[in-house]
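These notes are about the structure you will find just below.
There are 2 protein chains.
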Amino acid sequence: MAITTTAGILVSLLTVFVAGKIGGELFERMRQPAVVGELLAGVLAGPAVLGLFHSSVTLQTVSTMGVIVLMFTVGLETRASDLLRVGRTALLVALLGVVVPFGGGLLFAAAFGFSNPEALFIGTALVATSVGVTARVLADRGFLSTRLAKIVLAAAVIDDILGMIVLSVVTGMARGGLDARSLAVVLVEVGAFIAFELFVAPWLVRRHGHYLERVRVANAPLVVAIVVMLGMAATAEAIGLAGIVGAFFAGMMFAETSERWKLDRSTRPLYVWLVPYFFVLAGSQVDLAVLSRPAVLLPGLLLAVVAVVTKVAGCGIGALGEGPRAALAIGVAMVPRGEVGLIVASVGLASRVISPSVYGMVVLVVAVSTLVVPPVLPRLFAWSSTDTGGPRA
Amino acid sequence: MAITTTAGILVSLLTVFVAGKIGGELFERMRQPAVVGELLAGVLAGPAVLGLFHSSVTLQTVSTMGVIVLMFTVGLETRASDLLRVGRTALLVALLGVVVPFGGGLLFAAAFGFSNPEALFIGTALVATSVGVTARVLADRGFLSTRLAKIVLAAAVIDDILGMIVLSVVTGMARGGLDARSLAVVLVEVGAFIAFELFVAPWLVRRHGHYLERVRVANAPLVVAIVVMLGMAATAEAIGLAGIVGAFFAGMMFAETSERWKLDRSTRPLYVWLVPYFFVLAGSQVDLAVLSRPAVLLPGLLLAVVAVVTKVAGCGIGALGEGPRAALAIGVAMVPRGEVGLIVASVGLASRVISPSVYGMVVLVVAVSTLVVPPVLPRLFAWSSTDTGGPRA
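These protein sequence lines map, in sequence, to chains A and B. Using the working numbering, the letters of the first sequence correspond one by one to residues 136 to 528. Using the working numbering, the letters of the second sequence correspond one by one to residues 136 to 528.
The structure is reproduced here in structure tokens:
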């Protein structure tokens, strides 16, 4: 045993967790999402300012566990059948909510003269709505059972998957260049993986899930869920997808049995402990010296405006059939960008496709887009329900 | 982000978890404790045989998290007031259950000509009853509410603390030699720490715990518990105690509020995911080539016999006031050695005080002492209750 480093492991686990929770608590008290507080805690406690911790294999391990658990949890909220059964509205909201921001990002990148690969990453970072933030705000205010919330959730999920596909494709392109053959391979792999997850996996769990009741090991459903979560994430990585895509689909496999197997409840403590490490570590990668330069701050704020406007516009147009107030509410609900945008930026940074400046801009986009929504969303939902004569379940 | 090693992190997390759970499942099916299966899975899947994984900072991190969570959970089952209020019987059982096996270990070491420091580690490894194994067997068979079970649990807890104090003292001595002054410092530190944890900490939680209800962050009790767990473990390491001692006392701080704050339930998933890593990694440190040498195997089996007999005798004599059948049942219930014995051996191995051969012997002791008890314990409990006219609550 590495008894000599046990103290080191404990101290860095403690430091990052405490920093993240203090940040989260402060932002909760300001009625803002905890995730923004965790990001800023990472900026402050990390190497950029206080230097209380530095990136290490220990922290990267726990951060990886955290983001895998996060995406598994999001998957748990998502039934494959919901995805397949979504109405025209959700699909339209999702597609326009992906295409318009992606285009906006590309235009922004072109206006500022970024390279092609960099432009792809900027566009991709603007694509995916953060299901977690959206769902949490709607749940906290009691809007989850409304028709609008269902459209938003379904659209956000499709949007998330589209964003992940775009991420996988962009990552593949960043690794192998714009090679048509490797792109085709990625698309086939992605297609096969998603087809398996959408059509085969839920059937497998539904048909053979009762075998779990014969397993003797304590908490068998959670054990199997963890194995599938790690296994799908590792598989996704092996075929060139992002590990979080696998974890998300792994969660979706259990969406229908989540309640019966209490997975929603038993993954909660894992979420509470592990997820903050990802966001604190993500925040700690922001180079404040770079961010505070006008050359980063001003375009970053502009990019944030682009991110908000394009999402509201794209999703709103897609949802116009629900009436103008509902369309606005749905558009705003789709605005928050979270983990996926950061992951895109992390991938881009790690593969040296995007610069630390662009990474800083994306962090700004995530912070701004996540910050502006929670205060106005409940009012918009209440307002649109008076428009449509009360929420329809 | 170390995106290049995400796949590596995921694969080693998956491999160790799957190996541990397969081992656990097989042993559960044989009506044996899962922990033995996890240890053997570590031997088989680790470098000694299959080489499916190797020790790494990633695995050491998760293993450390696991053992901290394990000892925190054991602490959760233990009220400071129970420790302070224990009757003469539990104290006598605990003391004789520590002194007799410790003496037996020293005699064994003397007979085989081991060095003094090595003899101390062998004696220490025989001291501590595994509260987890004992409690789990009693709970599974519905004996937890009996008077005998309460004596066993109280005694096992005192025994655990005594074992940890002995471990801390022995570790301090192994680090600093048999220096009387450093020994005194260790004892004062240990005394102050334990006095704080026994008398001040429970009062603090009882008196000021209601502030938790003002905290906005989700799952505030679990968040505070994790902070205290990591903080106490790091503090314990900082003053020269083992980190697990701190985690155990951290758990004890919350023992009285555990049910109200649902900590017993919310630490469960952490336990399910993280704890196996410690045992699989511990098992993977066994050098089969060394263990299979008659010079290790035969003394190891003899040491296991010494461990079982001295514990039954010591605890049984301490419990004779309960009648002979009850005394035998209590003595057998105290036999399982688990995590603490392995931790002692790990500390000794890491500080190069004990050899890999002695480590192998201790693993044998843990396996044998853990294996022999579960099949006979329920019968002994039923038998002794007919002796005393039914279990007294």
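Beta carbons: idealized from backbone N, C-alpha and C, even for Gly. Keep in mind that this is a model prediction, so the values were computed, not measured.
The segment 393-406 of chain B and the segment 171-181 of chain B do not touch, with fewer than 3 CB-CB distances between them shorter than 8 Å. Between F162 (chain A) and G240 (chain A), the alpha-carbon positions lie close to 28 Å from each other.
If you check each beta-carbon in the segment 391-414 of chain B against every beta-carbon of chain A, the ones closer than 8 Å belong to S401, T402, R403, P404, L405, V407 and W408. For V192 (chain B), at least one C-beta of chain A is nearer than 9 Å to its own C-beta.
Note on geometry: alpha-carbon atoms of P429 (chain B) and E173 (chain A) lie some 56 Å from one another. When rounded, the separation of the alpha-carbon atoms in L477 (chain B) and P252 (chain B) is 17 Å. The way I'd put it, the segment 452-462 of chain B does touch the segment 502-520 of chain B; three or more beta-carbon pairs between them come closer than 8 Å. Within the same chain, L211, P356, L357, A360 and F389 come within 7 Å of L398 (chain B) by CB-CB distance, once the 5 residues on both sides are set aside. Judged by DSSP in its simplified three-state form, W396 (chain A) adopts coil rather than helix or strand.
Annotated as distal: G298 (chain B) and T269 (chain B), with beta-carbon spacing of 9 Å or more. The three-state secondary structure of G458 (chain A), taken from DSSP, is coil.
Between V197 (chain B) and chain A, the shortest Cβ-Cβ separation is below 9 Å.
With contacts defined by Cβ atoms closer than 9 Å, L261 (chain A) and A371 (chain A) do not form a contacting pair.
Within the model, the alpha-carbon separation for L437 (chain B) versus V493 (chain B) is close to 12 Å. Contact annotation for T141 (chain A) against chain B: T199, E372 and G378 [CB-CB distance below 7 Å, chain order]. Pairwise C-beta distances place the segment 198-213 of chain A in contact with the segment 403-421 of chain A, as three or more of them are shorter than 8 Å. Taking 9 Å as the CB threshold, F152 (chain B) lines the interface with chain A. V323 (chain A) and V475 (chain A) have their C-alpha atoms spaced approximately 22 Å apart.
Taking a contact to require three or more Cβ pairs closer than 8 Å, the segment 152-172 of chain B and the segment 327-345 of chain B do not qualify as touching.
In the DSSP assignment, L409 (chain A) falls within the unbroken alpha helix (DSSP H) covering R403 to S419.
Flagged as an interface residue toward chain B: I361 (chain A), by a C-beta distance shorter than 9 Å. The CB of L426 (chain A) never comes closer than 7 Å to any CB in chain B; the least such distance is about 18 Å.
In the DSSP annotation of this structure, the continuous segment of the alpha helix (DSSP H) that includes A430 (chain B) starts and ends at P429 to G453. If you check the CB distance, S147 (chain B) and T193 (chain B) come in under 9 Å. For the segment 144-178 of chain A, the residues whose beta carbon sits under 8 Å from a beta carbon of chain B are, in order, I144, L145, V146, L148, L149, F152, V153, K156, G159, E160, E163, R164 and A169. The beta carbons of A454 (chain A) and I293 (chain A) sit about 13 Å from each other, so the pair does not count as a contact at 8 Å.
Using a Cβ-Cβ cut-off of 7 Å, V479 (chain A) is close to nothing in chain B; its nearest Cβ partner there is about 11 Å away. Annotation: Cβ neighbours of G366 (chain B) in chain A (cutoff 7 Å, chain order): L149. Contact between I489 (chain A) and G495 (chain A) does not hold, since the beta-carbon distance rounds to 10 Å and is not under 8 Å. In the DSSP assignment, I374 (chain A) falls outside any alpha helix (DSSP H), carrying neither H nor E. At a C-beta separation below 7 Å, V305 (chain A) has no neighbours in chain B, since its nearest C-beta there lies roughly 13 Å away.
At a cut-off of 9 Å, the C-beta of N251 (chain A) has no neighbouring C-beta in chain B.
Short of 7 Å from the beta carbon of L409 (chain B), and not among the five residues preceding or following it, lie these beta carbons of its own chain, in chain order: V197, M200, G201 and V204. Against chain A, the beta carbon of V233 (chain B) has no neighbour under 8 Å; the closest one sits roughly 23 Å away.
Neighbourhood of L357 (chain A) in chain B, by CB distance below 7 Å: P404 and V407, in chain order. Interface flag for A290 (chain A) against chain B is unset, since no Cβ pair is found closer than 9 Å.
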